[in-house]
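Sequences listed follow chains A and B, in order. The first sequence begins at 3 in this note's numbering and counts up one residue at a time. The second sequence begins at 3 in this note's numbering and counts up one residue at a time. What follows is a single structure, written as structure tokens, with notes after it.
Number of protein chains: 2
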Amino acid sequence: MGNSKLYKGSLNTIILKLLDEQGKMYGYEITQKVKALTQGELQITEGALYPALHKLEAEGLLDVEVAKVDNRLRKYYKLTEAGEKETVNRLAELEEFIRSMQNLVNPNWSIN
Amino acid sequence: MGNSKLYKGSLNTIILKLLDEQGKMYGYEITQKVKALTQGELQITEGALYPALHKLEAEGLLDVEVAKVDNRLRKYYKLTEAGEKETVNRLAELEEFIRSMQNLVNPNWSIN
DNA sequence: TTCTTATGCATAATAAACTTAGGTATATAT
DNA sequence: ATATATACCTAAGTTTATTATGCATAAGAA
Chain A
3 MGNSKLYKGS
13 LNTIILKLLD
23 EQGKMYGYEI
33 TQKVKALTQG
43 ELQITEGALY
53 PALHKLEAEG
63 LLDVEVAKVD
73 NRLRKYYKLT
83 EAGEKETVNR
93 LAELEEFIRS
103 MQNLVNPNWS
113 IN
Chain B
3 MGNSKLYKGS
13 LNTIILKLLD
23 EQGKMYGYEI
33 TQKVKALTQG
43 ELQITEGALY
53 PALHKLEAEG
63 LLDVEVAKVD
73 NRLRKYYKLT
83 EAGEKETVNR
93 LAELEEFIRS
103 MQNLVNPNWS
113 IN
């Protein structure tokens with residue numbers, strides 16, 4: 003990942019966004035989903051993901067539900083009500099940020 | 003700055019990009035330019051900027067030229083040849099990153 | 001059957017990139 | 001006079017990630 007450092011700060015928002023559209027997901031699933039959606043561009047490391055999930059849970063934005071599939075443990079996360087509200091805010095911020103970066107880096111591009 | 007943490011990792015590329023189009027700039031000028039270009043969205047703090055400039059200089063990507071204007075010191079930075087090459091690479095990375103983020107956060111948007 | 005890869009969780013040590021908070025100094029506007 | 005703008009700088013602390021581990025089960029290859 004050449005640009006891995008670039009997505010610093012946006013990991014939490016990405017997690018919230020995915021949970022918002024997928025309903026519930028478990029950690030490993032999130033890493034695979036992001037990898038797939040970005041054609042391998044963004045690789046979320048587990049050392050970043052799990053602490054992030056725990057923190058979001060501690061902040062009351064996520065709820066956990068443990069499940070056992072194929073004799074393996076899974077921890078499904080989903081947004082709390084507070085989490086849904088926060089997702090709206092953080093997504094707006096991230097979108098605004100992306101627009102700003104776009105405008106800085108390549109003012110010729112237009113976003114629709 | 004709600005989203006100030008979001009531009010982590012992209013500061014160096016922003017600096018290089020600005021120097022590429024402006025020819026030469028001094029530190030304070032860069033902070034004002036970015037603020038203006040982003041309508042106040044991105045506020046580069048001096049504690050981030052100056053160490054970044056020094057590091058880019060140490061890496062051989064920037065050259066410095068000291069000037070005195072109105073009895074005040076200015077350090078003008080400009081790209082070295084190596085800096086110009088690096089700028090191309092880093093800009094490409096940043097653009098690719100922006101596309102990925104765009105696609106993750108809002109797949110409905112199209113970029114032209 | 002053994003070994004590797006994939007799935008699934010987790011944490012500790014380290015590093016990178018910031019913010020915050022200070023410091024110095026001159027010019028300009030109130 | 002005093003505050004604001006200009007112009008540079010660094011040190012301490014924080015956030016956020018990477019790297020390196022560790023544990024455990026399932027599936028596939030050698």
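Don't be surprised by glycine CBs; every beta carbon is placed ideally from N, CA and C.
Contacts around residue i, its chain only, beta-carbon distance under 7 angstroms, and the 5 residues preceding and following it disregarded
i	result
Ala69(B)	Arg76 and Tyr78
Ser12(A)	Leu96
Cβ of residue i within 7 angstroms of any chain A Cβ
i	result
Met103(B)	yes
Contact with chain B by residue i, beta-carbon distance below 7 angstroms
i	result
Glu43(A)	yes
Leu18(A)	no
Leu58(A)	no
Cβ separation of residue i and residue j, assumed to be a contact under 8 angstroms, to the nearest whole Å
i	j	result
Leu63(A)	Leu81(A)	7 angstroms
Thr40(A)	Asn105(B)	7 angstroms
Thr89(B)	Lys19(B)	7 angstroms
Ile17(B)	Leu55(B)	7 angstroms
Leu21(B)	Val107(A)	Contact doesn't hold; Cβ gap of about 13 angstroms is too wide.
Chain B contact residues for residue i, given Cβ-Cβ distances below 9 angstroms
i	result
Leu39(A)	Ser102, Asn105, Leu106 and Pro109
Other residues of its chain near residue i: CB distance less than 8 angstroms, five sequence neighbours each side excluded
i	result
Val66(B)	Glu59, Lys77, Tyr78 and Tyr79
Contacts that residue i makes with chain A (C-beta to C-beta distance below 8 angstroms)
i	result
Leu93(B)	Val107
Residues near residue i by beta carbon distance below 6 angstroms, same chain, minus five either side
i	result
Ser6(B)	Caution applies to Ser6(B), whose pLDDT of 45 falls short of 50 and renders its modelled position unreliable; the value that the coordinates give is listed next. Contacts found: none.
Ile46(B)	Thr33 and Val36
Ser115(A)	Missing from the structure shown is residue 115(A); chain A here goes from 3 to 114 and no further.
Met3(B)	Its pLDDT being 33, under 50, Met3(B) is placed unreliably in this model, and the coordinates cannot settle the point.
Inset, instruction - Give, in chain order, every unbroken run of the alpha helix (DSSP H) that is at least 4 residues long and sits entirely within the segment 41-73 of chain A. - result: 48-60
Inset, instruction - Write down every uninterrupted run of the alpha helix (DSSP H) in the segment 73-112 of chain A whose length is 4 residues or greater and which is fully enclosed by it, in chain order. - result: 83-107
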